[in-house]
Every structure is written in C-alpha cells, then in structure tokens.
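Numbering (the numbering used here), first residue to last: 25 to 497.
Virtual Cβ for every residue (Gly too), placed ideally from N, Cα, C.
Here it is, written out as structure tokens:
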C-alpha cells in the first residue's frame, strides 16, 4: 500500500508483517526493537522510503563508483554519507537495503570485475573484525531464535566487513588516506553551509528527502542541527573525529591552509549540533594530540590515570567512579545521569546479559531502552563474547599505533601520522562512552580501523612485511 510521506515527492511503502521501528542502539538496530530518537526520523526501518532526488543521487554515486579512477573511488561514498539521509532505503522481502549498503555492493562489484582486489598483510585486527561479525551472527541467533534476527545480524556483519575491507584494500599508504580526508574536507564546507541555513531557519533542508525531521529539534533553548545525519550528536561526533585526518596534509609538508579550513568547518558544525559529546571528543582529541610532546611518558601517564580513577573509586567517592558521567554538561540539557545509570546497570546485571546478550533493556529503569554507550550496546547485543571482541578490536588499534611509535627509523612523518590515527581512535572511544554509533558514523569508525590496520604495525603480522607492504615493495 502506498502511503503519503511527510514531504511531497516521497514514496513510502509499508511492508506487510510485524511493525519494525527505528533505534538509537546497535541492539535495537539489529533486532528492530526499541524506540529511536525522533531526530533519526519516524518509521525509519521496515519501509521503503525513496525520494526522487535521493534515487537520483544514488544512481549518480553508483555510476561514479564504476567509472572513476581507483584513487577517487571513495568520493561517491563520501558524498552519499554527507548529503543523503540514511533513512533513504529500499525494502525487499523485509530486508532493508540502505543506500550505503547498495553503494557498497556496487563498489565491491567494481573491485572484483576490474580486479582491483590486492593482497593485504593480515594482522590480528583483520581477524578480530571477522570474529566480531561471526560472534554477532551466532549470539544474535541464540538470543532470539528467529529467522528475522539471523538475517539482520548477517546483514549487519556483512555491511561492517564490506566497509572495513573496502578501505583496507583502498588505503595502501598515507597519501590514500590524505586523499580521502580531502574528500571529507571539501564536503564539510557545503555541509557547514547547510547547517548555518538550518540554524537560521530552524528547518532542515534535507527533511524534504525523508529520514530526518523537517523541523530542527531543540533542547535547552538551543537548536540541534543535524543535516543529513541520523542524529545531531552523531553529526557532531562524525565531523569532530575527522580532525586528526586533516592534519596529515600538513604533516606531509603540503601546507596548513586546508587543515585549518577543515578545523574551522568541523568546529562550526560541532557547535551547531549543540551537544556535549562531540565537544568533549574534540577537547579530549586536542589533549591527546598535545601529548605528542611528552610521548615518551605516555605509558606512565596512562598508569597514573588508571591509578587515579581507582583511588577515586575505592576511597574518595561515595558513588562508583563512572558516576562522573552524570556531571558532564557543557552546553546545557545533557543527559549525563542517564549515561551513568545505564553503565551502572550494565555492570550490576552482567549475569543477565553476559551469556548472549539481552533482548531489551527497558526494564533496567526509566529511559534505559535507549542504550547510549557503544561498549554497553556491544554487550547487550552479543553478551560477554561480543563485548570482549569489541574491546580487543580497540586494544589492537592502540597497540598498532604504539608499535609504530617505537620504530624511529620509519621517519618523523610516519610517527606523526600514527599519532594522528591514535588520536582519532581515542576520540571515537570517548564518543563510545556517551553514544551508540549507527548509520553514517559507523562507516567512519570502520574506515578509521581500516586505516590503522593498513598504516600501523598492528600485532599479528611481521613488522617487516607490514612496512614493506606500506612502501609498495
């Protein structure tokens, strides 16, 4: 049955079967269970929602992906991420084909037909990503014992691996990563202009496409601009986490004009998102970047930080140390207490979710259906096994950066680039404490992991082979 959409020209077809609603958490995205933030758009999953402009954009980016030179193959994906709402999708036999999923299928078709798939030096990060996909599928099936959940988990695992290994295959040296960063930087100028327009009018220009609200959400008297992104917080986190990649252009000796422009547009976008989470991510990112000047002491600083947290937890604080989350509010209206209580319940209920996860967290307390912590979401979605694999992935990323920094013969630029990758990874981890990733920013997260897998000395492979591969030998 064809339904009239919220905007003229939007095609919305309701799929027969159980109602499937959107979500702000990984668990609900896979199981199509709890509510979503209104910013992500209503009736987000389970319905075909294609605007003519969205269809044209998909056709254009797919065509570009097939014909552009290999060095530009990431450009269509960047454009789709930045300017087309993730709510644009086609549903076939209850399976959602988001535009990003369709484009990635086209890209992989190109890679295989044109024989652009090149050997990689496998390391533990590659194996951990495959293991994460496997554990996600198995625990999802054991959790729900339904074909729907199994199909959703398989689709999510394939999506993640397609994106990760696409960038793993594409990024062979630092110039490849710099080029991708330039694509995002150029796009950020237009995105910032759309955000300024949204700020001035309180109307989201991308709302006409569907998948994002037409009128900008407001909290604490501040407009929370989001553009084509699924949520204002994720929009800010997305552009904030790109800042370390922009610096590679300058460290390469190509001038600091473009990185400065990227920094201005990213900070402007983050400011208009009006959320504490991306602001804190930038603050932590600047702090992590500044530690470069005392990098020889970072191991001691890490242990000092851990020791201080333990001291607070066991002696100085009446509440658990993660109660500090409840005190974070930089822009007003923050939900710090919710984040604290969610993690507190996660720790106290390990016997409930530890085996294969849990179908819902609404019974944990008021508002607990909204899982705003990526680490919690991994455990809730797949039990202790998936949680530990995810932590292993994060640890391997930092280990690769650390091993690269202990290789002085690789050159100063290589060390600075590795530090920038570590800074980006750290910013994502800070985001994980306060938000669960979904839609566009998941692609950026997987791209960051792929860049670390290609450009640093991740454990699980010979350093000599990895460096030789990086140099094209």
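Check	Outcome
Does the beta-carbon distance from residue 198 to residue 441 come in below 7 Å?	yes
Looking only at C-alpha atoms, which of 368, 416 and 431 sits nearest to residue 400?	368
Looking at the structure shown, is residue 487 part of a helix, part of a strand, or coil, going by DSSP?	helix
Can you determine whether any heavy atom of the ligand ZN sits closer than 6 Å to the C-beta of residue 76, and answer yes or no?	Summarising the ligand content, the structure contains no ligands, and the ligand ZN is consequently not present.
Within the continuous beta strand (DSSP E) that includes residue 120, where are the two ends?	119 to 122
DSSP beta-bridge partners for residue 246?	243
Quick check: the Cα distance between residue 84 and residue 349, rounded to an integer number of angstroms?	44 Å
Counting C-beta neighbours from all protein chains within 10 Å, is the total for residue 319 16 or more, i.e. buried, or is it exposed?	exposed
What did DSSP end up calling residue 307 once you bin it into helix, strand or coil?	helix
Using the DSSP secondary-structure output, state which residues sit across from residue 227 in a beta bridge.	239
Thinking just about the alpha-carbon of each residue, which of 461, 139, 390 and 478 is nearest to the one in residue 421?	478
Give the single residue among 265, 304, 431 and 258 whose Cα lies nearest to the Cα of residue 396.	258
Less than 7 Å between the C-beta atoms of residue 301 and residue 404, yes or no?	no
Jot down the residue ranges of each uninterrupted alpha helix (DSSP H) in the region 434 to 496, minimum 4 residues, whole runs only, in chain order.	436 to 456, 464 to 479 and 487 to 494
Would you call residue 476 buried or exposed, if buried means 16 or more other Cβ atoms sit within 10 Å of its Cβ?	buried
Using three-state DSSP, classify residue 151 as helix, strand or coil.	helix
What is the residue span of the alpha helix (DSSP H) that residue 410 lies within?	398 to 429
Counting along the chain, where does the alpha helix (DSSP H) carrying residue 323 start and finish?	322 to 335
If contacts are defined as beta-carbon pairs under 8 Å, then residue 434 and residue 269 qualify, I think. What distance do you get, rounded to the angstrom?	No, residue 434 and residue 269 are not in contact; Cβ-Cβ is about 19 Å, not under 8 Å.
Would you list the residues sitting across from residue 113 in a DSSP beta bridge?	73 and 122
Judging by CA-CA distance, which residue of 297, 331 and 265 is the nearest neighbour of residue 313?	265
Quick check: what's the CA-CA separation for residue 243 versus residue 223?	13 Å
If contacts are defined as beta-carbon pairs under 8 Å, then residue 454 and residue 305 qualify, I think. What distance do you get, rounded to the angstrom?	5 Å
Looking at residue 218 and residue 164, is the spacing between their C-beta atoms short of 7 Å?	no
For residue 194, which three-state DSSP category applies?	helix
Whose C-alpha, out of 249, 92 and 162, is nearest the C-alpha of residue 131?	92
Alpha carbon to alpha carbon, what distance is there between residue 338 and residue 186?	44 Å
By the 10 Å Cβ neighbour count, where 16 or more other Cβ atoms means buried, how is residue 110 classified, buried or exposed?	buried
From the DSSP output, in three-state form, read off residue 253 for me.	coil
Just tell me which of 194, 398 and 124 has its CA closest to the CA of residue 135.	194
Can you round the beta-carbon distance between residue 295 and residue 246 to whole angstroms, since I take them to be within the 8 Å contact cut?	With a Cβ gap of about 10 Å, residue 295 and residue 246 do not count as contacting.
How would you label residue 430, buried or exposed, when you count the other beta carbons within 10 angstroms and need 16 or more for buried?	exposed
Return the first residue and the last residue of the alpha helix (DSSP H) that residue 99 is part of.	99 to 107
Considering just the uninterrupted stretch of the alpha helix (DSSP H) at residue 283, what are its terminal residues?	281 to 297
Smallest Cα separation from residue 474: which of 87, 189 and 100?	189
Does residue 141 come out as helix, strand or coil in the three-state DSSP assignment?	coil
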